[in-house]
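Engineer: From first to last, the protein sequence lines are chains W and U.
Note that this note's numbering has the first sequence beginning at 5, numbered continuously upward.
Note that this note's numbering has the second sequence beginning at 125, numbered continuously upward.
For glycine and all other residues, C-beta sits at the position ideal for the given N, C-alpha and C.
Here the structure is a predicted model, which means the values were calculated and not measured.
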Amino acid sequence: MTRTPGYARERWVNIGLGAYFALILLFLYGPIIVMAILSFQGPQGGMTFPMQGISLDWWGRLFRERAAELGPAIVRTLVVAVETGLIAAAFSVVIAFAYRRRLPGSRLLFPAVILALMTPGILLGLGVSLWWRLLNLQPGHLSLLGVHVVWALPFAFLVMLAVLNRFDPRIEESARDLGASELRTFFEVVMPIIWPGVLSAALFGFTLSLNEFERSVLATSQNTLPLQLWAMLTVGIIEPDLYALGTLTTLVTFVIVGALFIPTLLGQLRRVSRRGTE
Amino acid sequence: MSSSSSASVEPIEAVAARSEPASRGRTSGGGAWAALLAFPAAWLLVFLIIPVLVVVVVSFFVPTLSGFVREFTLENYQLLAGSPAFISTLGNTVLNALITTVITFLLGFWVAYYLALVVPDLRRRFSLFIIALAPFFTSFLIRAIAWIPMMGREGLLNTALIDLGLISQPLDFLLFSDFAVRVAMVQLYLLFMVSPIFFSLSTVEPAILEAARDSGAGWWAILWEVLLPLARPGIVIGAVFVFVLSMGEFATVRLIGGGKTSSVGLGIQNFVTYIQFPQAAAAASILVLATVIGVAILFRYGRVAEGL
Chain W
5 MTRTPGYARE RWVNIGLGAY FALILLFLYG PIIVMAILSF QGPQGGMTFP
55 MQGISLDWWG RLFRERAAEL GPAIVRTLVV AVETGLIAAA FSVVIAFAYR
105 RRLPGSRLLF PAVILALMTP GILLGLGVSL WWRLLNLQPG HLSLLGVHVV
155 WALPFAFLVM LAVLNRFDPR IEESARDLGA SELRTFFEVV MPIIWPGVLS
205 AALFGFTLSL NEFERSVLAT SQNTLPLQLW AMLTVGIIEP DLYALGTLTT
255 LVTFVIVGAL FIPTLLGQLR RVSRRGTE
Chain U
125 MSSSSSASVE PIEAVAARSE PASRGRTSGG GAWAALLAFP AAWLLVFLII
175 PVLVVVVVSF FVPTLSGFVR EFTLENYQLL AGSPAFISTL GNTVLNALIT
225 TVITFLLGFW VAYYLALVVP DLRRRFSLFI IALAPFFTSF LIRAIAWIPM
275 MGREGLLNTA LIDLGLISQP LDFLLFSDFA VRVAMVQLYL LFMVSPIFFS
325 LSTVEPAILE AARDSGAGWW AILWEVLLPL ARPGIVIGAV FVFVLSMGEF
375 ATVRLIGGGK TSSVGLGIQN FVTYIQFPQA AAAASILVLA TVIGVAILFR
425 YGRVAEGL
């Protein structure tokens, strides 16, 4: 450690920044936590404090009364999310490999992927719905899947770039030098090494699709869970059972994000540190 | 894109460049990948490029009661340009986006600084980053309505302020207002600002800071003359993300703006509800134009292009 004259002041700045970071976490998580607490509101309670007792009443109402309208939407949401995850992961592998080798076309695809990240959701949804109209098609599953993959692809691509960044190309070269074909090299040598990264990319896409709203609202005529939620929020009366629903979907998302990051984080950092000590 | 300076300027490019095998050229085994590349390319064409172009094209179509007919007109743009309500909505959208961008920078820079430069242990650094990042994956709608119990008339904030004796009447501007929308948007998009700055600052070698310190630079001098210039590409990319996303915002505006505020995105959605597709398309085209101008200014001002 250096002990220049500014060192003590710098230390205090750092302690202050730690406290500041805690406040930012409170800002990010606070409303979600308050919402979770209020979902256990008593039967007579409303959308804000004070709590009129503590009960599972609103959770019960969510499962009893909302199940019928939410059920089909949940199934639809899960189907699209799984498809989005798989397609985004497959595409991201292809683009990342092509990009890594500077194949013709990959240079062009890179700005397109960044454009996908930066196109406002409402514009994309409107565009797809208008295009479908021009083609005399009814917006539905395919148009919805289309915009979800567009949204998920940039994130999956960044994950794959990070994964390939740690992947030693000599392994691939050795396999090919020993006479393995391109396909065989990929499936028997490359894939077993990078599959946790591919899984991460797929889970990324799955999670992003699960909660996607702004692109979806105009892109389909069939409600997904966020679209159903939007309808409930904008048309009906808001009651604490929506807090229960919000808490539930948030929990599910956190579980997936945890499953997504914790193993890869630990694994990859271990690999990095091992390489560092060699 | 020059290869010499791009590594320090564009983190995404840098990652990509490093992932490239140094020993192999562009020749071997590319055929299969090049063919496979057609699939994502076609997908992006069908679901990204063409939809955006269709919006521009339809904005010049003549509106009818059931949608539009394929005849050219400037009527949609003339209508919007002559509407004081639309002009003020556009102004409000740009203002909200600018405020959100500036606030996320002021708040987010220190988060990135703390994570990248203060937290010593690599694993702890990334764990904290992911903890901060995790809410981004949850539903934007849920995060918007979660502000209701915080900021409502009987919400946590008003109750606390009254209990502390700071105010006697609940503050009405906390919810269903421009203020509420801005607070919620800052919360929604903060991590889009933090992440690129975090990655920029993470590439700063500790030796550079040591050297600056050894040559007598104080904390402020290091911040202004070393860290901010190095973080600049990350700041510009973060600002572009936040600005673009805030410009398109409509769900948050609808849910906690309480009808007292509007945005172009919400206007687009309303047009669609009334089957006024060409007007929606024209509004969307204007939104894109305004966004592109904003992004161009950001890049110009941020001088990121110099390094690319």
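Could you say if the region 420 to 427 of chain U and the region 198 to 217 of chain U meet the contact criterion of at least three C-beta pairs nearer than 8 Å?
Structural biologist: No, they do not touch.
Engineer: Give the secondary structure of Arg-68(W) by DSSP, where H, G and I count as helix, E and B as strand, and everything else as coil.
Structural biologist: Arg-68(W) falls in the helix class under three-state DSSP.
Engineer: What does Gly-75(W) reach in chain U if we use C-beta pairs closer than 9 Å?
Structural biologist: Under the 9 Å cutoff, chain U gives no residues; its nearest Cβ is about 18 Å from Gly-75(W).
Engineer: Taking a contact to mean a Cβ-Cβ separation below 8 Å, would you say Gly-89(W) touches Ala-206(W) in this structure?
Structural biologist: Contact: yes.
Engineer: Which residues does DSSP pair with Pro-187(U) in a beta bridge?
Structural biologist: Bridge partners of Pro-187(U): Phe-192(U).
Engineer: How would you list, in chain order, the residues of chain W whose beta-carbon sits under 7 Å from the beta-carbon of Trp-343(U)?
Structural biologist: Those within 7 Å of Trp-343(U) in chain W are Gly-10, Arg-13, Glu-14 and Val-17.
Engineer: Compare the C-alpha of Leu-237(W) against each of Ser-324(U), Ala-270(U) and Ile-255(U) and name the closest.
Structural biologist: Selected option, being the one with the closest Cα: Ala-270(U).
Engineer: Determine which residues of the region 229 to 252 of chain W have a Cβ less than 9 Å from any Cβ of chain U, and write them out in chain order.
Structural biologist: Cβ contacts with chain U: Leu-229, Pro-230, Leu-233, Trp-234, Leu-237, Thr-238, Ile-242, Leu-246, Tyr-247, Leu-249, Gly-250 and Thr-251.
Engineer: Could you work out which residues of chain U lie near Trp-135(W), taking near to mean beta carbons separated by less than 7 Å?
Structural biologist: Simply Ile-174, Pro-175 and Val-178.
Engineer: Does the structure place the region 358 to 370 of chain U close enough to the region 213 to 225 of chain U that three or more beta carbon pairs sit under 8 Å?
Structural biologist: In short, these stretches touch, since the Cβ pair count reaches three.
Engineer: Looking at C-beta atoms only, is the number of pairs between the region 227 to 241 of chain U and the region 317 to 328 of chain U that lie closer than 8 Å three or more?
Structural biologist: Cβ pair count under 8 Å is three or more, so yes.
Engineer: In chain order, what residues of the same chain lie with their CB nearer than 7 Å to the CB of Ala-248(W), ignoring the 5 residues before and after it?
Structural biologist: Correct list, in chain order: Ser-43, Trp-62, Trp-63 and Leu-66.
Engineer: Measure the alpha-carbon distance for Leu-182(W) versus Phe-163(U) and round it to whole angstroms.
Structural biologist: Distance between the alpha carbons of Leu-182(W) and Phe-163(U) is about 30 Å.
Engineer: May I have the straight-line CA-CA distance separating Arg-70(W) from Pro-244(W), to the nearest angstrom?
Structural biologist: Approximately 12 Å between the Cα atoms of the pair.
Engineer: Would Glu-195(U) count as contacting chain W if we go by Cβ distances under 8 Å?
Structural biologist: For Glu-195(U), the answer is no, since every Cβ of chain W falls outside 8 Å of its Cβ.
Engineer: With 9 Å as the C-beta to C-beta threshold (strictly closer), list the residues of the region 228 to 245 of chain U near chain A in chain order.
Structural biologist: In the displayed structure, chain A is absent; the protein chains listed are W and U.
Engineer: Rounded to whole angstroms, what is the Cα-Cα separation between Gln-226(W) and Val-153(W)?
Structural biologist: Taking the straight line from one Cα to the other gives about 17 Å.
Engineer: With a threshold of 8 Å between beta-carbons, can Gly-201(W) be considered close to chain U, or not?
Structural biologist: Not one chain U Cβ lies under 8 Å of Gly-201(W).
Engineer: Have a look at Leu-413(U) and Arg-337(U) and give me their C-alpha separation to the nearest angstrom.
Structural biologist: For Leu-413(U) and Arg-337(U), the distance between alpha carbons rounds to 45 Å.
Engineer: How about Arg-65(W): is its C-beta nearer than 8 Å to some C-beta of chain U?
Structural biologist: So no, Arg-65(W) is outside the interface.
Engineer: Any C-beta of chain U sitting closer than 8 Å to the C-beta of Glu-87(W)?
Structural biologist: So no, Glu-87(W) is outside the interface.
Engineer: Count the other CB atoms, across all protein chains shown, that sit within 10 Å of the CB of Pro-200(W); report buried if there are 16 or more and exposed otherwise.
Structural biologist: Pro-200(W) is exposed by the Cβ-count criterion.
Engineer: For a contact defined as C-beta to C-beta under 9 Å, what are the partners of Ala-116(W) on chain U?
Structural biologist: What Ala-116(W) touches in chain U: Pro-164, Ala-165, Leu-168, Leu-169, Leu-172 and Ile-173.
Engineer: Please determine whether the Cβ atom of Arg-70(W) lies at a distance below 7 Å from any heavy atom of the ligand GDP.
Structural biologist: You won't find the ligand GDP in this model; it holds no ligand whatsoever.
Engineer: Using only the alpha-carbon positions, how far apart do Leu-422(U) and Leu-219(U) sit?
Structural biologist: Approximately 15 Å, taken between the alpha carbons.
Engineer: Please identify the residue among Leu-290(U), Gly-276(U) and Ile-286(U) whose C-alpha is closest to the C-alpha of Phe-303(U).
Structural biologist: Closest by alpha carbon: Gly-276(U).
Engineer: In terms of residues, what are the limits of the alpha helix (DSSP H) holding Ile-174(U)?
Structural biologist: Its alpha helix (DSSP H) spans residues 174 to 182.
Engineer: If you drop the 5 nearest sequence neighbours on each side, which residues of the same chain put their C-beta closer than 7 Å to that of Phe-171(W)?
Structural biologist: The residues are Ile-197 and Ile-198.
Engineer: Could you check whether the Cβ of Glu-282(W) sits closer than 8 Å to any Cβ belonging to chain U?
Structural biologist: Any answer about Glu-282(W) is weak, because its pLDDT of 39 lies below 50 and its placement is not dependable; what the coordinates show is given next. False, the Cβ-Cβ gap to chain U never drops below 8 Å.
Engineer: Is DSSP giving Ile-19(W) helix, strand or coil here?
Structural biologist: Of the three classes helix, strand and coil, the one that applies to Ile-19(W) here is helix, per DSSP.
Engineer: Go ahead and pull the three-state DSSP assignment for Ile-58(W).
Structural biologist: Residue state, collapsed to three classes: strand.
Engineer: Anything in chain U within Cβ reach of Val-98(W), meaning under 8 Å, just list it in chain order.
Structural biologist: Result: Trp-157, Leu-160, Leu-161, Phe-163 and Pro-164.
Engineer: Taking Thr-228(W) as the reference, give the member of Gly-75(W), Tyr-24(W), Val-38(W) and Gly-57(W) with the closest Cα.
Structural biologist: The shortest C-alpha separation from Thr-228(W) is found at Gly-75(W).
Engineer: Counting contacts by CB-CB distance shorter than 8 Å, is Thr-254(W) in contact with chain U?
Structural biologist: So, interface residue.
Engineer: Evaluate contact between the region 251 to 268 of chain W and the region 209 to 221 of chain W, counting only Cβ atoms and requiring at least three cross-stretch pairs below 8 Å.
Structural biologist: Taking 8 Å as the limit for Cβ pairs, the verdict is that the region 209 to 221 of chain W does touch the region 251 to 268 of chain W.
Engineer: Report yes if the C-beta distance between Phe-401(U) and Phe-171(U) is below 8 Å; otherwise report no.
Structural biologist: In this structure, Phe-171(U) does not lie closer than 8 Å to Phe-401(U) by Cβ.
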